[in-house]
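Below: the structure, in structure tokens.
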Ligand code: C2O
Ligand code: CU
């Protein structure tokens, strides 16, 4: 198959962004393409195929991309934990090769039946009581929103989607990780020698081990206090959004949605006709990529983008090339992110400065949804 590689979350030159059909042609079998770029920010990123991604990512064409800080933070052990959710056909014991199933495309996406960490369904790594671990979590699954929990670990969030928080946040209860998202945690092992600490996931109200950390010894060092923040990657603080350009993205469609008609390839179609074409989701009434972008921006323009989720499903909206902040209910701005979990029936606003020129894809990271319509782009001059 032809392919291309996207460097998810890296503020990259547009020509290196790896989106076949938008920033480059897909690279045919036997051909080569040199990706040559500077990684400007330290943090936890990943890379993955960006052509036929619903299949290529499901087959494992992805990896972690770690950019280290200039000065290593004070930790004892680091674990990169790539979470995935494979759909295995029980008859063949191979990856299920129906990548276009209309049920997946119209519902929650391609959910799997075999959940792994770094390809292992029983991932385990020995630790010492009292040690501080850095966990770099990456959700590489096609559609699963992991709901995670810590046990025998006392943790702080240091960064989301590669971007450090101003102040580490104590992990308190469960936290979601949507497809494409990352989180950097520092966790202190509180479980005792002989016990097992866990990263757990919640599934149908059950808590299941996602990664096990058997405690095989006791740390020799002294326990530390709360961690210091990681050095910031970006200095700009957006504070005043009054001059921001307003853009609206209305998401409609999917099973149990209210979409009656939408434009597909320039033609207005009924939901029935769309279903026959295996297309289910529209952005502002249009399905799939359009010739004109969602927004044409000048470089440096401040944008306030309103995302109206009028569907019955959550979506993991990923904007290429720039990190944004959610505009919270009280008007404050949330942490920098590149992928936003948008909940069914909710409206969310994000703000960003369009400082990276080029054509940037904006799509749902539930990859079946992207294939079934949830793709658009912004143009930064
Ligand atoms: Cu990680 Cu356009 O994707
Ligand atoms: Cu979606």
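Numbering (this note's numbering), first residue to last: 52 to 432.
Beta carbons are placed, not taken as given, at the ideal position from N, Cα and C, and that holds for glycine.
Small disclaimer: the values here were computed from a predicted structure and weren't measured.
For residue 413, the enclosing beta strand (DSSP E) has its first and last residue at 409 to 415.
Taking C-alpha positions only, residue 86 is separated from residue 339 by approximately 26 Å. DSSP, read as helix, strand or coil, puts residue 65 in helix. Distances from the alpha-carbon of residue 193 to those of 238, 259, 120, 110 put 110 closest. The segment 307 to 326 makes no contact with the segment 403 to 416: fewer than 3 CB pairs, one atom from each, lie closer than 8 Å. For residue 369, the shortest separation between its Cβ and any heavy atom of ligand 1 lies below 7 Å. Note on geometry: alpha-carbon atoms of residue 413 and residue 123 lie some 33 Å from one another.
Pairwise C-beta distances place the segment 269 to 283 in contact with the segment 209 to 228, as three or more of them are shorter than 8 Å. Counting along the chain, residue 327 sits inside no beta strand (DSSP E); it lies in the alpha helix (DSSP H) bounded by residues 322 to 327.
Contact check for residue 374 and residue 212: beta-carbon distance about 7 Å, within the 8 Å limit, so the pair qualifies. The Cβ atoms of residue 418 and residue 160 sit closer than 8 Å to each other. Look at the beta carbons and you see the segment 235 to 249 touching the segment 194 to 211: at least three pairs across the two are nearer than 8 Å. Residues 252 of the same chain have their beta carbon placed closer than 6 Å to that of residue 259, with the five preceding and five following residues left out of the count. With fewer than 16 other CB atoms across the displayed protein chains lying within 10 angstroms of its CB, residue 398 is exposed. About 7 Å separates the beta carbon of residue 96 from that of residue 58, a gap short enough to meet the 8 Å contact definition. When beta bridges are read from the DSSP output, residue 214 appears opposite 211.
In terms of CA proximity to residue 383, 291 leads the group 291, 309, 395, 369. Per DSSP, residue 107 is not a residue of any beta strand (DSSP E); the alpha helix (DSSP H) it occupies stretches across 104 to 107.
For residue 66, the closest C-alpha among the options 282, 285, 84, 178 is that of 84. Judged by DSSP secondary structure, residue 333 falls outside any alpha helix (DSSP H) and instead within the beta strand (DSSP E) spanning 332 to 334. The way I'd put it, the segment 124 to 144 does touch the segment 163 to 170; three or more beta-carbon pairs between them come closer than 8 Å. For residue 295 against residue 354, the beta-carbon gap comes to about 6 Å, under 8 Å, which counts as contact. For residue 418, the uninterrupted alpha helix (DSSP H) segment begins and ends at 418 to 422.
Shortest gap from the CB of residue 331 to any heavy atom of ligand 2: 7 Å or more. Rounded to the nearest angstrom, the Cβ distance from residue 107 to residue 52 is 7 Å, consistent with a contact under 8 Å. Chain order is used for the residues whose beta-carbon lies nearer than 6 Å to a heavy atom of ligand 2, namely 366, 415, 417, 420, 425.
Under the three-state reduction of DSSP output, residue 255 falls in the coil class, being neither helix nor strand.
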